[in-house]
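Enquirer: Submitted below is the structure of interest, expressed as structure tokens.
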Amino acid sequence: MKVLLLEDEKSIRDFVRINLKREGYEVIEAGTGEEALDLADQQTDIVIAILDVMLPGIDGFEVCGQLRKKYPRLGIIMLTAKSQELDKVMGLEFGADDYVSKPFSPAELLARVKALHRRLTPIPEAEDKNEINIAPFRLLLDERKLIRTEQEIDLTPKEFAIIKLLAENANKAISRDEILTAVWGQFFVGDLKIVDVNIRRIRQKIEDDPAHPAFLETVWGYGYLWRKDVPDERH
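The sequence shown: position 86 = 70 (the working numbering), numbered continuously.
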């Protein structure tokens, strides 16, 4: 992650840079507000800016305001004087996300940077619990449908249950006994070959060449495996 560090005192800048780099951050340094704005325009992948308030030329508040207008998703932390409560208030009004009071410890600053980064990182959208994607197929659980290229494949309830079990464990071999127990129940009394019969029926419905299955593979002497993300040869 790239961090812009604006601090006119070289000793403080060096101190902060060293500690950020130890944590794996790439640090872009600036000694003036003007330089910081130029760097932000040149390197638009900066994620967080750490801005000192008291600077020669334009101050940290002005830099904060300009950066916030140009880069609304940029995380901004202000470095303020401990005794200046007004600096903290003004920084937040100019668009800062957080502030750290001088003097500060490396641990505090790093904690603030990490916390802000977490807030800025979008939470991945939850997977649709109603659908299992086993390209080129989609298994719609609530509707109990198997779809291939927008066409529904007719399945019996047992066939659907078998595909669901294998799809949930894609690329993992499932034994015949496991399939039998999951689909027909723990106390099923009958021939184990009922699993093989249903697998053959499924292949007739989903495979382009049932004699040479691409999706529903046999694991000899054990059971079956659903091969995920097989290229669709029909397209």
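Cβ atoms here follow ideal geometry from the backbone N, Cα and C, with glycine treated the same way.
In chain order, which continuous runs of the alpha helix (DSSP H) of length 4 or greater are located wholly inside the segment 30 to 109?
Expert: Here the runs fully enclosed are 44 to 54, 69 to 77 and 90 to 104.
Enquirer: Apart from the five residues on each side of it in sequence, which residues of its chain come closer than 7 Å, Cβ to Cβ, to PHE172?
Expert: Excluding residues within five positions, the ones whose Cβ falls inside 7 Å are LEU164.
Enquirer: Is ASP81 buried or exposed, if buried means 16 or more other CB atoms sit within 10 Å of its CB?
Expert: Classification of ASP81: buried, given that the 10 Å Cβ count is 16 or more.
Enquirer: What are the residues that DSSP puts in a beta bridge with GLY169?
Expert: According to DSSP, which records beta bridges pairwise, GLY169 is partnered with nothing at all.
Enquirer: Could you please give the first and the last residue of the uninterrupted alpha helix (DSSP H) stretch that includes GLU152?
Expert: 141 to 152 is the extent of the alpha helix (DSSP H) around GLU152.
Enquirer: What's the gap between the Cα of GLY75 and the Cα of TRP210?
Expert: Approximately 56 Å, taken between the alpha carbons.
Enquirer: Report the residue from VAL167, ASN114, HIS196 and ASP193 whose alpha carbon sits nearest the alpha carbon of ASN182.
Expert: If we check each option's Cα against that of ASN182, VAL167 comes out closest.
Enquirer: Over the uninterrupted alpha helix (DSSP H) stretch that includes GLY17, give me the two end residues.
Expert: Note, GLY17: alpha helix (DSSP H), 17 to 26.
Enquirer: If distances are taken between C-alpha atoms only, which option among GLU77, ALA95 and GLU201 comes closest to GLU7?
Expert: Checked all of GLU77, ALA95 and GLU201; the closest Cα to GLU7 is ALA95.
Enquirer: State the Cα-Cα distance for the pair ILE42 and GLU18, rounded to the nearest angstrom.
Expert: Distance between the alpha carbons of ILE42 and GLU18: 7 Å.
Enquirer: What did DSSP end up calling GLU162 once you bin it into helix, strand or coil?
Expert: Of the three classes helix, strand and coil, the one that applies to GLU162 here is helix, per DSSP.
Enquirer: Looking only at its own chain, which residues have a Cβ that is under 8 Å from the Cβ of GLU92, when we skip the five neighbours before and after it?
Expert: Around GLU92: VAL84.
Enquirer: Counting C-beta neighbours from all protein chains within 10 Å, is the total for ILE2 16 or more, i.e. buried, or is it exposed?
Expert: Exposed, by the Cβ-count rule.
Enquirer: Report the residue from VAL73, MET62, LEU23 and ALA65 whose alpha carbon sits nearest the alpha carbon of LYS54.
Expert: Cα-wise, what sits closest to LYS54 is LEU23.
Enquirer: Tell me which residue opens and which closes the alpha helix (DSSP H) that ARG184 is part of.
Expert: Where ARG184 is concerned, the enclosing alpha helix (DSSP H) stretches over 177 to 190.
Enquirer: If you reduce the DSSP assignment to three classes, tell me which class ALA14 lands in.
Expert: It is a strand residue.
Enquirer: Starting from PHE199 and walking both ways along the alpha helix (DSSP H), at which residues does that stretch end?
Expert: Segment: none, PHE199 is in no alpha helix (DSSP H) and carries neither H nor E.
Enquirer: Is the Cβ-Cβ distance between LEU123 and LYS148 less than 8 Å?
Expert: Their beta carbons are under 8 Å apart, which means LEU123 touches LYS148 by this criterion.
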